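What follows is a single structure, written as structure tokens, with notes after it.
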Amino acid sequence: MTFLEWTEGPLWYGASAIFVVGAAWRLFGILRLGRRVELSRPRASAASGALAAIVRHALPRGEYVERTWYHVVAGYLFHLGLFALLLFAAPHVAFIHDRLLGVGWTPLPRWAFIVVAELAFAGLILLWVRRICDPVMRQISDRDDHLGTWLTFIAMLTGCLALQETSPVLRGIHMLCVEVWMVYFPFSRLMHAFTWVLSRGFMGANYGRRGVSP
Amino acid sequence: MTVHTRPEKPSAEAAVQAFLGQIDASIASYLETCVHCGECAEACHFYEVTKDPRYTPTWKLQPMVRAYKRHLAPFSGLKRALGLAPSEVTLDELEEWSELVYDACTMCARCTVVCPMGIDIATAIRRMREGMVAAGVAPEGLHEASDRALNTGSPLGLTLRVLQKQIADQEKETGIPVPVDVKGADYLVILSAMELIGFPEVIGALSRIFKQANVSWTFSSAAFEATNVGVQIGSKEIATSLLGRVVDAAEALEVKYLISPECGHAYGALKWEGPNMMGRNYEFEVIHILELLEELRLEGRLRIGGKDSRRLAFHDPCQIVRRGGVVAEPRNLMAAVAANQVVTAHAGINNYCCGGGGGVSSNHRAEELRFKAFAVKKRQLEEAGGVDALVTACANCRNVLEEAIDEYEMDLPVLSLTELLAEYLEPEGGAG
Amino acid sequence: MTPAMRILSILFVLGALLWALVPADALAQGAPGFQAGAPPGNTLGATSDAEFWRQVRQGRLGMVSIPDPYAAVLVRSEGDNWRALRNGPISYYGGWLLIVALLSILGFFLWRGRIKIEGGRSGREIPRFTLTERLIHWYVACVFILLAISGMVLLFGKYVLMPVVGKAAFGHIANACLQGHNLFGPMFIFGIVAMFLVYVRDNTLNGVDWNWIKRGGVLAKGHVSSEKNNFGEKVWFWMAVGGGLVLSTTGLAMEFPWIPTIIQVQWANLLHATAAIGLVAVALGHIYIGTLGMEGALEGMTRGTVDENWAMEHHDLWAKQVMDDLNVSDGRRLPPEPAAGGPGGGSKDGAPQGAPAE
Numbered sequence: 001m002t003f004l005e006w007t008e009g010p011l012w013y014g015a016s017a018i019f020v021v022g023a024a025w026r027l028f029g030i031l032r033l034g035r036r037v038e039l040s041r042p043r044a045s046a047a048s049g050a051l052a053a054i055v056r057h058a059l060p061r062g063e064y065v066e067r068t069w070y071h072v073v074a075g076y077l078f079h080l081g082l083f084a085l086l087l088f089a090a091p092h093v094a095f096i097h098d099r100l101l102g103v104g105w106t107p108l109p110r111w112a113f114i115v116v117a118e119l120a121f122a123g124l125i126l127l128w129v130r131r132i133c134d135p136v137m138r139q140i141s142d143r144d145d146h147l148g149t150w151l152t153f154i155a156m157l158t159g160c161l162a163l164q165e166t167s168p169v170l171r172g173i174h175m176l177c178v179e180v181w182m183v184y185f186p187f188s189r190l191m192h193a194f195t196w197v198l199s200r201g202f203m204g205a206n207y208g209r210r211g212v213s214p
Numbered sequence: 001m002t003v004h005t006r007p008e009k010p011s012a013e014a015a016v017q018a019f020l021g022q023i024d025a026s027i028a029s030y031l032e033t034c035v036h037c038g039e040c041a042e043a044c045h046f047y048e049v050t051k052d053p054r055y056t057p058t059w060k061l062q063p064m065v066r067a068y069k070r071h072l073a074p075f076s077g078l079k080r081a082l083g084l085a086p087s088e089v090t091l092d093e094l095e096e097w098s099e100l101v102y103d104a105c106t107m108c109a110r111c112t113v114v115c116p117m118g119i120d121i122a123t124a125i126r127r128m129r130e131g132m133v134a135a136g137v138a139p140e141g142l143h144e145a146s147d148r149a150l151n152t153g154s155p156l157g158l159t160l161r162v163l164q165k166q167i168a169d170q171e172k173e174t175g176i177p178v179p180v181d182v183k184g185a186d187y188l189v190i191l192s193a194m195e196l197i198g199f200p201e202v203i204g205a206l207s208r209i210f211k212q213a214n215v216s217w218t219f220s221s222a223a224f225e226a227t228n229v230g231v232q233i234g235s236k237e238i239a240t241s242l243l244g245r246v247v248d249a250a251e252a253l254e255v256k257y258l259i260s261p262e263c264g265h266a267y268g269a270l271k272w273e274g275p276n277m278m279g280r281n282y283e284f285e286v287i288h289i290l291e292l293l294e295e296l297r298l299e300g301r302l303r304i305g306g307k308d309s310r311r312l313a314f315h316d317p318c319q320i321v322r323r324g325g326v327v328a329e330p331r332n333l334m335a336a337v338a339a340n341q342v343v344t345a346h347a348g349i350n351n352y353c354c355g356g357g358g359g360v361s362s363n364h365r366a367e368e369l370r371f372k373a374f375a376v377k378k379r380q381l382e383e384a385g386g387v388d389a390l391v392t393a394c395a396n397c398r399n400v401l402e403e404a405i406d407e408y409e410m411d412l413p414v415l416s417l418t419e420l421l422a423e424y425l426e427p428e429g430g431a432g
Numbered sequence: 001m002t003p004a005m006r007i008l009s010i011l012f013v014l015g016a017l018l019w020a021l022v023p024a025d026a027l028a029q030g031a032p033g034f035q036a037g038a039p040p041g042n043t044l045g046a047t048s049d050a051e052f053w054r055q056v057r058q059g060r061l062g063m064v065s066i067p068d069p070y071a072a073v074l075v076r077s078e079g080d081n082w083r084a085l086r087n088g089p090i091s092y093y094g095g096w097l098l099i100v101a102l103l104s105i106l107g108f109f110l111w112r113g114r115i116k117i118e119g120g121r122s123g124r125e126i127p128r129f130t131l132t133e134r135l136i137h138w139y140v141a142c143v144f145i146l147l148a149i150s151g152m153v154l155l156f157g158k159y160v161l162m163p164v165v166g167k168a169a170f171g172h173i174a175n176a177c178l179q180g181h182n183l184f185g186p187m188f189i190f191g192i193v194a195m196f197l198v199y200v201r202d203n204t205l206n207g208v209d210w211n212w213i214k215r216g217g218v219l220a221k222g223h224v225s226s227e228k229n230n231f232g233e234k235v236w237f238w239m240a241v242g243g244g245l246v247l248s249t250t251g252l253a254m255e256f257p258w259i260p261t262i263i264q265v266q267w268a269n270l271l272h273a274t275a276a277i278g279l280v281a282v283a284l285g286h287i288y289i290g291t292l293g294m295e296g297a298l299e300g301m302t303r304g305t306v307d308e309n310w311a312m313e314h315h316d317l318w319a320k321q322v323m324d325d326l327n328v329s330d331g332r333r334l335p336p337e338p339a340a341g342g343p344g345g346g347s348k349d350g351a352p353q354g355a356p357a358e
């Protein structure tokens, strides 16, 4: 078995299993704590409040942007870039078609891939450098924040280093790094990729029934 | 029934147990999801004026986060076994955090609004305070207020005699009798301690408004205090005990509505937290005074006869507007009574806190920080081009603002919206 | 040799070359004309070879049946010259320059050791770099390091890395580094422009710098008076900006090689390598003095504040100015005046007001 076959075979299945089972267990572990029954009479719908919060908190808050623009810009660059790469990079589309879903879609042209990758990297680097030099970020950041950022960076970087798509070794290295990232994911703050629905939803429901959508 | 306000001796273990007891799926999702982006600091008036990174709202939750991640979170057992779980919270840390949780947080929830993950830090702090009380690290000022509230019914130690005296004065002032203990009245009025001692004119204002609107109302001599120190210090036991008195009195008088007065935390305690603390819903409904006034205005029962020509700005009390959901009412009422209303930046659900909510104003050691935080309000008003007077609907905001205005040697009256409306009532007998 | 014969010879060689271009290993089987030691082509006798090769080296245009006329040039000498320069003096002296830089740093360390704050820490801090300055610095630093590593693999890898990891592995590494280098290059351009805009006001040269040079700068005994940045730091800034400009321009020429002429791309490459080696060499010194080499320097770029004693020792003119602004005199901080701003006042970005010492 070649290195690439390992990383696209057993290691891929193993990492995927840990990713899926781990993330599901983590979500279940949160939800199993349950919610108290709300006895107060609602002024408005909790469900629509939850939906409103899920949407509104994805958008920058105008009143605060003067003070938070750095995070807004860098955060959007990174996240939008990451999702564009994840879903529309040509090798990813092929992988999704061949290995996961059996359907594919039009990938990004190469020049667009490069532009998007640069924006995503710039976003991630900007977010990380703020962690090391803003007193607030230095205060609240922990090992997990840095490790998660670095693993994401390395997974993205190895992907871009394999951009020529001629080297099975480089492809294998990218696969391996992604697998390490996937194994780390359920045990780390990277889980925010799923739990944001819960926190925004619970908050939105709580305020929604009070008739306000902060 | 004796209510335990202080533990026998300070204990970190008690705090951890209390933290864990407070964490349901919603709080867990908040503690899990924080990505440490720091945006909440940018929304916090305490951080803004001090630039102290410890005042970052999410950092204030850190001991509870650690307790959760060590004992309750998914994979916590695995992480403990591998030595990767966070360390146990110590008493020293809790004492350090007492300042962050009580002095530097008014539970105003601006951080909740800005959080990209939608984490309700204000609610989490409210839950965390339960653990701080259990550990015995809550500030003395709030304990004293709790003791007074439990002994006398009022955090300021105000007795029925004080109420009777203020009622008598206001009756003399307005010439309108104030109903007390009227069984079967529609509305029961209670007041915040601050109104009772500092702003008794609100009683006269209510008499005049209710007379014009022909509202059937009453005071109760059994319970007249709305302030709930329990929700401020973070003790469900204290809060429920204080709330129970009001609920019992309202149900004894068989009123249809209990009016939550111009008081921030009282509204949350009565309307939103209350039924959950009591374990049942009430036999009456809780209505905020601003909701009632707006309802009366829309029905044409509250008639405004003129407008104030001063430059007036409304200070949104966090617990009534952002966290209470009474958003449109104060705006409509202000528009009805103020000819030259100034709308400050961030007004409404994004408004800056007065700096003294959530028990901060009862906490002596927080005084300096509270005055510092007022710099944010001051800037907000200056940016709006200055105002002649501030109007608000929370007696605690009003008192905190007045004290800060004195401290900054400014000349800026702070008015109650209810009193302002009463001043501009259409004179009796139509437009005479 | 008649002209007709020359043309015939050239055509033959061209044909042989075109054939050789197809599969590389086909060369091994080889045409009979490519036997070792024998003159190429089916030339008659050896006498014409010198003239023949001269013409080839001068870029004589032959004839091909495909549309691209450049294909009819057998040897583009300018390309050969470029390669000789790149793989020769630039790699050789450039490599030595980096080794000399590292050795100088080691020597400086052995001579001066870690430069301590002479007065010890005062425990009082003053703001040095704003958050904006810090963010831009670290952004450029991150991208620069990524580019420096990948770039050096591309330039020196053949001599340093390939003998160690082998040809096959080096092929993958070089492939990866080229992709990475091209990807991160444009990100550097934005960084260097932002850096210029934010830092330029503290880096204009003036009389203070002349005094600093006369007194011997870092080599002087004791500390030489300096503003927020001393002469050395200002030179580093202008090197970074100038070098950054060269790297950006030449880098773009190589990212989009179809826009400039082939000669321009070759020159761009040589300039790019030269400027990069220069900047990397100085950056090594910069990194050393900012971290290991000097106590109390790094925190200015991380937390944004430095110890008052450090500031007074290394940047006295600037430090006095800042301390005056912060109501500091004789090394003792006076309580802030309770004037206009009231309690709290307006603390600027990064001001240490109430900030806990870490």
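Protein chains in written order, with this note's numbering: chain A, 1 to 214; chain B, 1 to 432; chain C, 1 to 358. Using N, Cα and C, we set each Cβ at its ideal position, and we do this for glycine too. Treat the numbers as computed from the prediction; the structure is a model and nothing was measured.
At least 8 Å separates the beta-carbon of glycine 62(A) from that of leucine 127(A).
Listed in chain order, the non-local C-beta contacts of valine 137(B) below 6 Å within the same chain comprise Leu94, Glu95, Ser98, local neighbours out to five positions each way being set aside.
Per DSSP, reduced to three states, the secondary structure at leucine 78(B) is helical. Closest in alpha carbon position to glycine 157(B), among Leu163(B), Gln164(B), Ala149(B), is Ala149(B). Cβ neighbours of methionine 203(A) within its own chain (closer than 6 Å, five residues either side excluded): Ala53.
Here the alpha carbon of alanine 276(C) sits roughly 16 Å from the alpha carbon of isoleucine 287(C). Contact between glycine 148(A) and leucine 190(A) is confirmed by a C-beta separation of about 5 Å, below the 8 Å threshold.
Sequence-distant partners of proline 214(A) (beyond 5 residues in either direction) whose C-beta falls short of 6 Å from its own C-beta, in its chain, are Tyr207. For the stretch 89-123 of chain A, the beta-carbon criterion of a distance under 7 Å to any beta-carbon of chain C is satisfied by Ile114, Ala117, Glu118, Phe121, Ala122. With respect to chain B, the C-beta atom of glutamate 165(A) has no partner C-beta closer than 8 Å. Shown here for threonine 33(B): same chain residues with a beta carbon closer than 7 Å to its own, the five before and five after excluded, namely Met117, Ile119 in chain order. According to the DSSP secondary-structure assignment, asparagine 340(B) is paired through a beta bridge with Arg311(B). Less than 8 Å separates the beta-carbon of asparagine 340(B) from that of leucine 312(B). For serine 199(A), the nearest CB of chain B lies under 8 Å from its own CB, placing it at the interface with that chain. In terms of beta-carbon proximity, methionine 162(C) stays away from the interface with chain A, with every pair separated by 8 Å or more.
Only residues of its own chain outside the window of five on either side were considered, and among them Leu170 have a CB closer than 7 Å to the CB of leucine 161(A), listed in chain order. Phenylalanine 19(B) is not a Cβ neighbour of alanine 104(B), given a cutoff of 8 Å.
Residue-level contact check: valine 72(A) does not touch chain C, since none of the beta carbons of chain C fall below 8 Å from its beta carbon.
When the Cα atoms are used, asparagine 396(B) and methionine 156(A) turn out to be separated by approximately 53 Å. Interface with chain C (8 Å Cβ-Cβ cutoff): valine 180(A) is excluded. Taking a contact to require three or more Cβ pairs closer than 8 Å, the stretch 197-205 of chain B and the stretch 235-255 of chain B do not qualify as touching.
Per the coordinates, the alpha-carbon of glutamate 419(B) lies some 12 Å from the alpha-carbon of isoleucine 289(B).
Phenylalanine 28(A) and tryptophan 181(A) have their alpha carbons spaced roughly 21 Å apart. Each residue's CA atom was taken as its position, placing arginine 110(B) and tyrosine 64(A) some 10 Å apart. Ser26, Ala28, Ser29, Tyr30, Glu32, Thr33, Val35, His36, Cys37, Gly38, Glu39: these are the residues of the stretch 26-40 of chain B whose beta carbon lies less than 7 Å from some beta carbon of chain A, given in chain order.
Contacts with chain A at 8 Å (Cβ-Cβ) do not include arginine 128(C). Taking C-beta atoms as the reference points, arginine 66(B) and valine 89(B) count as a pair closer than 8 Å. Each of Gly232(C), Phe188(C), Val200(C), Met195(C) was checked against the Cα of valine 208(C), and the nearest Cα belongs to Gly232(C). For methionine 187(C), a Cβ of chain A is located within less than 8 Å of the residue's own Cβ.
As the crow flies, the alpha-carbon of tryptophan 236(C) is around 22 Å from that of tryptophan 111(C).
If you ignore the 5 residues before and after arginine 121(C), its C-beta comes within less than 6 Å of the C-beta of Asp307, all in its own chain and listed in chain order. Proline 163(C) and glycine 191(C) have their C-alpha atoms roughly 35 Å apart. Under a criterion of Cβ atoms nearer than 7 Å, the residues of chain B adjacent to glycine 211(A) are, in order, Gly325. The continuous beta strand (DSSP E) containing leucine 415(B) extends over residues 414-416. If you compare the alpha carbons of Ser87(B), Leu242(B), Arg280(B), Leu31(B) with that of arginine 36(A), the shortest gap goes to Arg280(B).
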